[in-house]
Amino acid sequence: MSEPRIGVYVCHCGFNIAGTVDVKKVVEFAKNLPNVVVAKEYVFMCSEPGQDLIKEDIKANNLNRIVVAACSPSLHEVTFRTAIKEAGLNKYLLEMANIREHCSWVHHDKEKATEKAKEIVRMAVAKARYLEPLEELEVGAETSALVLGGGIAGIRAALELANYGFHVYLVEKSPTIGGKAALIGYIDPQTKGAEVVSKMIDKIKECPRIQVLTNAELIQLGGFVGNYNAKIRINPRFVNERCTLCGECEEVCPVEVANEYNFGLSRRKAIFLPFANAYPPYYAIDYRVCVKCGECEKVCRFRAINLKEEAKILELKVGTLIVATGYDPYRPFKGEYGYGLHPNILTLFQLERLLDPDSPTKGELIIGGKIPKNIAFIQCVGSRNTTPGAKEYCSRMCCTTAINSAIKIKERYPNTNVYILYKDIMTYGSDETLYEEAGKKLVNFIKFEEKIPKVLITPEGLFIEVFEYTIQENIRIPVDAIVLSIGMLPPRDIEELIAVTRVSCGGEGFVREAHLKLAPVEAPTKGIFLAGCITGPKNILESIRMGSAAAAKAMALLSKGKITIEPMIAQVNEEKCSGCAICVGVCPYSAISIKTVNGDRIAHVEKALCMGCGTCSAACPSGAMQHLGFKDLQLLAQTRAVFGGEVHG
Amino acid sequence: MAEQKSEFEPKIVVYACNWCTYAATDLAGTSRMSYPPNVRIIRVMCSGRVDPQLVLQAFADGADGVIVAGCHPPADCHYIEGNYKAYRRFELFRKLLGAMGIEQERFRLEWISAAEASRWVQVVNEMVAQLKKLGPLKPNMEVRE
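Which chain is which? The protein sequence lines are A and B, in order. FYI, this note's numbering numbers position 382 of the first sequence as 876, with every residue one higher than the one before it. FYI, this note's numbering numbers position 47 of the second sequence as 1309, with every residue one higher than the one before it.
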């Protein structure tokens, strides 16, 4: 590019800058900096006349670099980039000198502030001398989406995307979609979890654009935003669509294991139907426990079973990925509040399952063979705790779920006494009315503090001993059943998920959003979105909403059919690169690979994968890897200009 | 008063990551906090972008102190783990400084989130006080470009 001709524009920002910084002196100083052709001041540079001033100067003085000394680039960099673009200049030939947030607003001594402002301008001019025009790139994008996880958040996201006209692959690890919401008795006093999920599944059945892949796992993800290559392994189900749900196979199956769809309340065979409204609506054989005896195959009159079926690999090209793989319920350790030592001590998930019409008790509250006369919930089991394996966070849904169940129990079994032992009740928002209602229905709330309740298993029955905080007394409650309100944990296989998708893990073991407020629902990697409990505990409503939100973001990306690639990314100088691959190791996005060009090993940056952090550039021993917009020379010039020095390069 | 004026004013070069620390320095401004004018901030996208060579150049040119600042570990980094890259690099670098005759206290690696404007002000105050105690850097080395 030709010799730099720089225009410097110093903003008064009313009195915001001019009140502390002597703008005239800064302008005079800027005029004498190398390559500066014009330097001007104006009361509000960001105003229309201010922008016009710059635009006119660009044309009149043939300027090819602009420095605006004003506020933070986070505020008006885009404004001035647009302005200089309108004047025919490449918009990346702009440098902001932050003399407001970094100077006039934080200092009071006018002389010192003016001196500092001068230096800030000198640094910006020094960098501007080495700015280069950059171009945004566009690449084509696939218009299909992969939704990982067939729980309620994933289903919602898939439905939104399909409704808008995109093709969706809904990939679920287990033999049915529906997730845990499909197993829960009541979402709120009027709504059954199974009903909501069934309605959503009905819509999926009608929708030709959603391809449901169950027993399926994402095993490899290559490519980049708009052009992901997903490798899916479909584990054998051994049962095909000819299955009529007659159930004869189940009778002859010799293998029996705990039924995870009833949270261990009952047992199931190796061949089983997960739950009544499972989808796809046929039996499945659990390939992990099946002994391949062949009994089911023999008994099946519809030839729906084929034990020779093998795992299949499917390769898909998708534009975007929504991760909605959910959570695991907290697993109490043996003996935690008596868990595992007495059949009448269950978890909240087990109780919720009991209350579902499809449960082993057909929705009746029958624990240990009878309806309990006294039932107690213990809250915050595994949450807000520092015991090993427990989490310090609040799991958000357990208070409301317990209270909801308590109300249901009181409605259906008025003679049963319900106790809720709690630390704090977190029925936030409109759920507070449930808390009130529970009170009216005479649910007994018992508060404990640091001293946690003790569960006593005696020959006379179950007792809870607790120091009641409000009356400051030890009390002993005889109970027939105890429900442990367990919280939510990151899913067990989250490590594999992270390894395959490159999403990043947050502080509490869940997946982290790029920014909770500025980039919600987005993973740090472009084109990957997050929904549901994979980012942390949520109730069902929140998960549904997040599914919709993730779909909206995915649509915004897919609908263009092309992807714009930011130009401030890494670039390799192939002459200098020795192929040492240090950059490959430091890149957090696996954007760099080594390619052989004419027999030489050379680093190659996949532009759409690069997020522009510049770590590779700092690591490169030969200066071959450059971070556009923050090149070595540009940062060096800026550094040296602090002390009035220059670079020659 | 006259004495105070002639007091040594250290110059500190700061490499601030765009997402956390640079945002904190902006927030300090918008919150009208006050701190000594001894710092010169250079914006980079990630603390992982800061090449130790730049820091050495700053010292060679006359910086009395250098701060490299980014997002809190473990998980605040906008680029997943750039802060760890910086940590790895600069913990080693700090040890080398001593060998070059530069007091290790002249270099700080800091984690300052976008919300921690007051932490930023605290770091500047501490660093200025520290450097005033140490006095100007007397470079006994030359960095070749």
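Even for Gly, the Cβ is constructed at its ideal location relative to N, Cα and C. These numbers were taken from a predicted model, which means no experiment stands behind them.
{"Item": "Suppose the cutoff is 8 Å on Cβ atoms and the five residues either side in sequence are ignored; what does the same chain contact list for residue 910/A look like?", "Value": "859, 865, 866, 867, 868, 869, 903, 904"}
{"Item": "What are the boundary residues of the alpha helix (DSSP H) that residue 573/A is part of?", "Value": "567-580"}
{"Item": "Which same chain residues, not among the five before or five after residue 1055/A, have their C-beta less than 8 Å away from its C-beta?", "Value": "634, 635, 637"}
{"Item": "Of all Cβ atoms in chain A, is any one closer than 7 Å to the Cβ of residue 1264/B?", "Value": "Summary for residue 1264/B: the model assigns pLDDT 43, below 50, so the residue's position carries little reliability; its value from the coordinates is reported in the next sentence. Output row for residue 1264/B: interface = no."}
{"Item": "So within the segment 1034-1102 of chain A, which uninterrupted alpha helix (DSSP H) runs reach at least 4 residues, ignoring any that extend past its ends?", "Value": "1034-1052, 1076-1080"}
{"Item": "At a CB distance below 9 Å, what residues from the segment 593-620 of chain A approach chain B? Give them in sequence order.", "Value": "594, 595, 596, 597, 598, 599, 600, 601, 602, 603, 606, 607, 609, 610, 613, 614, 617"}
{"Item": "With a threshold of 16 other CB atoms inside 10 Å of the CB of residue 969/A, please say whether the residue is buried or exposed.", "Value": "exposed"}
{"Item": "Using beta carbons (cut-off 7 Å, strictly below), is residue 1109/A in contact with chain B?", "Value": "yes"}
{"Item": "Identify the contact partners of residue 1018/A in chain B, using a Cβ-Cβ distance below 8 Å as the criterion.", "Value": "1340, 1341, 1342"}
{"Item": "Write down every uninterrupted run of the beta strand (DSSP E) in the segment 1302-1388 of chain B whose length is 3 residues or greater and which is fully enclosed by it, in chain order.", "Value": "1327-1332, 1369-1373"}
{"Item": "Between the beta-carbon of residue 757/A and the beta-carbon of residue 847/A, is there less than 7 Å?", "Value": "yes"}
{"Item": "Who are the neighbours of residue 1136/A on chain B, taking C-beta pairs under 9 Å?", "Value": "1273, 1275, 1302, 1304, 1320, 1323, 1324, 1325"}
{"Item": "Exposed or buried, residue 1377/B, counting other C-beta atoms within 10 Å across all chains shown (16 or more means buried)?", "Value": "exposed"}
{"Item": "Can the beta-carbon of residue 564/A be found less than 7 Å from the beta-carbon of residue 539/A?", "Value": "yes"}
{"Item": "For the beta strand (DSSP E) holding residue 491/A, just list the boundary residues, first then last.", "Value": "This structure cannot settle anything about residue 491/A, because the visible part of chain A is limited to 495 through 1143."}
{"Item": "Mind listing the chain B neighbours of residue 1132/A? Cutoff is C-beta to C-beta under 7 Å, in chain order.", "Value": "1304"}
{"Item": "Are the C-beta of residue 575/A and some C-beta of chain B separated by less than 7 Å?", "Value": "no"}
{"Item": "DSSP three-state call for residue 1120/A: helix, strand or coil?", "Value": "strand"}
{"Item": "Can you tell me the Cα-Cα spacing of residue 626/A and residue 1119/A, whole angstroms?", "Value": "16 Å"}
{"Item": "Can you find a C-beta in chain A that's less than 7 Å from the C-beta of residue 1381/B?", "Value": "no"}
{"Item": "Does residue 1010/A come out as helix, strand or coil in the three-state DSSP assignment?", "Value": "coil"}
{"Item": "Could you tell me the boundaries of the alpha helix (DSSP H) in which residue 705/A lies?", "Value": "Unbroken run through residue 705/A is the beta strand (DSSP E), 704-707; no alpha helix (DSSP H)."}
{"Item": "Return the Cβ separation of residue 1335/B and residue 1373/B in integer angstroms, given the expectation that the two are a contact with Cβ distance under 8 Å.", "Value": "7 Å"}
{"Item": "Which residue from 1014/A, 839/A, 823/A puts its Cα closest to that of residue 829/A?", "Value": "839/A"}
{"Item": "From the DSSP output, in three-state form, read off residue 1278/B for me.", "Value": "strand"}
{"Item": "Using three-state DSSP, classify residue 760/A as helix, strand or coil.", "Value": "coil"}
{"Item": "For residue 727/A, does the three-state DSSP call read helix, strand or coil?", "Value": "strand"}
{"Item": "Look up residue 1128/A in the DSSP assignment and say whether it is helix, strand or coil.", "Value": "helix"}
{"Item": "Does any residue of chain B have a CB that is nearer than 7 Å to the CB of residue 1079/A?", "Value": "no"}
{"Item": "Identify, in the order they occur along the chain, each residue of the same chain with its Cβ nearer than 7 Å to the Cβ of residue 556/A, setting aside the five sequence neighbours on each side.", "Value": "499"}
{"Item": "Quick check: residue 644/A and residue 671/A, are their CB atoms within less than 7 Å of each other?", "Value": "yes"}
{"Item": "Going by other Cβ atoms of all chains shown within 10 Å of its Cβ, with 16 needed for buried, is residue 1309/B buried or exposed?", "Value": "buried"}
{"Item": "What residues from chain B crowd round residue 1006/A, counting only those whose CB sits closer than 7 Å?", "Value": "1337"}
{"Item": "What is the rounded straight-line gap between the Cα of residue 957/A and the Cα of residue 823/A?", "Value": "25 Å"}
{"Item": "Could you tell me whether the Cβ of residue 1082/A comes closer than 7 Å to any Cβ of chain B?", "Value": "yes"}
{"Item": "Note the first and the last residue of the continuous alpha helix (DSSP H) segment covering residue 997/A.", "Value": "First-last for residue 997/A: undefined, no H or E at that position."}
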